[in-house]
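Everything in the sequence shown is counted per my numbering, starting at 1361 for the first residue and increasing by one. No residue lacks a Cβ here, since even glycine has one placed at the ideal position from N, Cα and C.
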Amino acid sequence: MKLLKEKIGYGFGDMASSMFWKVFSYYLPFFYSNVFGLRLVDAALLVLITRIWDGISDPAMGVIADRTHTRWGKYRPYLLWIAVPFSVCGILLFTTPDFSYAGKLVWAYATYIAMMTVYTAINVPYGAMLGVMSDDPKEKTVFSSFRMFFAYGGSFIALAAWQPVCDFFQNHYGLSVQGSWQSAMIVIAAACCVLFVCCFLMTRERLQTVSTVSVGKDFRSLLSNRPWWLLIGAALCFNLFNTVRGATVAYFFADVIGFDAHLELFSLSILFYAGLFLSVGEVANMVGVALCVPVAARLGKKSTFIMVNALLIVFSILFFTLPVSSTGFWLMLLLQIIISVLTGIMSPLVWSMYADVSDYAELKYKTASTGLIFSSSSMAQKFGGAIGGAAVLWLLDGCGYIARTSETSDAVLSQPAGAITCLWMLMTFIPAAVAIISICVVWFYPLTTSRVDDIVEKLKIQRGVKDAADSPAEDEATDFANV
1361 MKLLKEKIGY GFGDMASSMF WKVFSYYLPF FYSNVFGLRL VDAALLVLIT RIWDGISDPA
1421 MGVIADRTHT RWGKYRPYLL WIAVPFSVCG ILLFTTPDFS YAGKLVWAYA TYIAMMTVYT
1481 AINVPYGAML GVMSDDPKEK TVFSSFRMFF AYGGSFIALA AWQPVCDFFQ NHYGLSVQGS
1541 WQSAMIVIAA ACCVLFVCCF LMTRERLQTV STVSVGKDFR SLLSNRPWWL LIGAALCFNL
1601 FNTVRGATVA YFFADVIGFD AHLELFSLSI LFYAGLFLSV GEVANMVGVA LCVPVAARLG
1661 KKSTFIMVNA LLIVFSILFF TLPVSSTGFW LMLLLQIIIS VLTGIMSPLV WSMYADVSDY
1721 AELKYKTAST GLIFSSSSMA QKFGGAIGGA AVLWLLDGCG YIARTSETSD AVLSQPAGAI
1781 TCLWMLMTFI PAAVAIISIC VVWFYPLTTS RVDDIVEKLK IQRGVKDAAD SPAEDEATDF
1841 ANV
């Protein structure tokens, strides 16, 4: 068994990534349309183009990482090298310059593309580390669970604190709405930089994998890898499910729930707002992550994937039946908790399944393309985010949604009936339909538990070597000296 410190350190990496990613997924469309000042149709195209570019760049980063060789390993050094650029680009992304509309649009494209490029440069190697930290499929699930537990913890902190931090800078320092959003991102960016450095210091690469074939053969092997195709399709649907619901929440609360809704319990009255709804979901996600290992061990990864998606369909449709009332608000929060527990089970499961696909590829094609395999998971995540984020904005625009300006961000606007119906559909039936597609895709996924166990045993023979010792070969002091 690997050290607990190393599992926690690995978790820190996705804690940092998720603090940024959830803010991007849940608040960036709202930021562009209601704070930055872009038209909905322009914001939708921006989100789509930049996320597609980001997804396309992932395999290239995977190939680069697979062929990187340093004293710290192949993938781990990128945590150190990219931490500062990652944080700086996040701050620029949430900066609103005093430009003309055309100038602001150019700024938005430049900063978004820069942010997604550095996100790829740090997140793809980080994900690939899972394939070289252990050769035990069960321990990979444990590492993946630690990763997602800390990821949701970071998401909870970012989402719960976002609006209060924005309000703090606006109320105590007299900043504009745009300035308060930028300042909030500065706080988050600084925390992310520290977490990435801690992840670098606390983790180790133990499996020495070497890619001995050409880049072209790596890609040809990937394209003929049937489990990879099926898993990437299922993962894309899963991320599309999360993005559609998440990107809709800010709009749903602004125009369906309202700004003065409260959860009433006896004499207790709690403001029911988007940040509370999302952050409670992140805590529930953490519960789901803790359930992933025992559930997957009992049912198998494939069966767990199918079962969770089936339940997501049921509870997403139930959400549509809830009234906009004090009782309805409590039921909405309850269903958000249940749905988030289920998506929490899914997240580490998907990453662990990618590690199995990587082992399958190494055995069948005799090539160590771990970075390329894991970059595909990041690509699916970003394509899901691109399609989901753009679809939300396009559908709202098509239904006549009236966007707010920075001066009317908290105003009560009378939205057309079609826009309100669209918001309800985006929270319920549309994600449910995506979950149905996900089940259909993963039904044909061939890597069952017994087959994965067989692959692991054959790989041990093929590699001909044992793992390095469980105790780290370097300590933190040595790493600091090497840096």
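Scanning its chain for C-beta atoms nearer than 6 Å, with the 5 sequence neighbours on each side dropped, one finds around M1713 the residues L1591 and K1661, in chain order.
Minimum Cα-Cα distance from F1743 among the listed residues T1456, T1480 and Y1469 corresponds to T1480.
When DSSP assignments are scanned along the region 1452–1503, the uninterrupted stretches of alpha helix (DSSP H) that are 4 or more residues long and fall wholly within it turn out to be 1461–1488 and 1490–1493. Beyond the five residues adjoining it in sequence on each side, V1383 comes within less than 8 Å, by CB distance, of A1518, L1519, W1522, M1545 and I1548 in the same chain, given in chain order.
A distance below 8 Å between beta-carbons, with the five flanking residues on each side excluded, links I1666 to the following residues of its chain, in chain order: I1799, V1802 and W1803. By the Cβ rule, the region 1744–1756 does not count as touching the region 1687–1696, because fewer than three pairs are nearer than 8 Å. Beta bridge pairing from DSSP links G1433 with T1430. In the DSSP assignment, S1629 forms a beta bridge with E1624. Cβ contact annotation for Y1512 (same chain, cutoff 6 Å, sequence separation greater than five): E1642, N1645 and M1646, in chain order. Per DSSP, reduced to three states, the secondary structure at N1602 is helical. In terms of CA proximity to D1814, P1497 leads the group C1553, F1626 and P1497. Judged by DSSP secondary structure, C1759 falls outside any alpha helix (DSSP H); it is assigned neither H nor E.
Counting C-beta pairs with one atom in each stretch, the region 1666–1675 and the region 1626–1636 have fewer than three that are closer than 8 Å, which means they do not touch. In the assembly as shown, L1490 is a buried residue. Its beta-carbon has 16 or more other beta-carbons within 10 Å. The straight-line gap separating the alpha-carbon atoms of S1540 and V1710 is approximately 36 Å. The Cβ atoms of A1376 and F1556 sit closer than 8 Å to each other. Taking the Cβ atoms as the reference, A1715 lies roughly 5 Å from K1500, within the contact range of under 8 Å. Between D1418 and V1478, the CB-CB gap reaches or exceeds 8 Å. Going by DSSP, E1642 is part of the alpha helix (DSSP H) stretching over A1634 to L1659. Contact check for L1786 and T1608: beta-carbon distance about 4 Å, within the 8 Å limit, so the pair qualifies.
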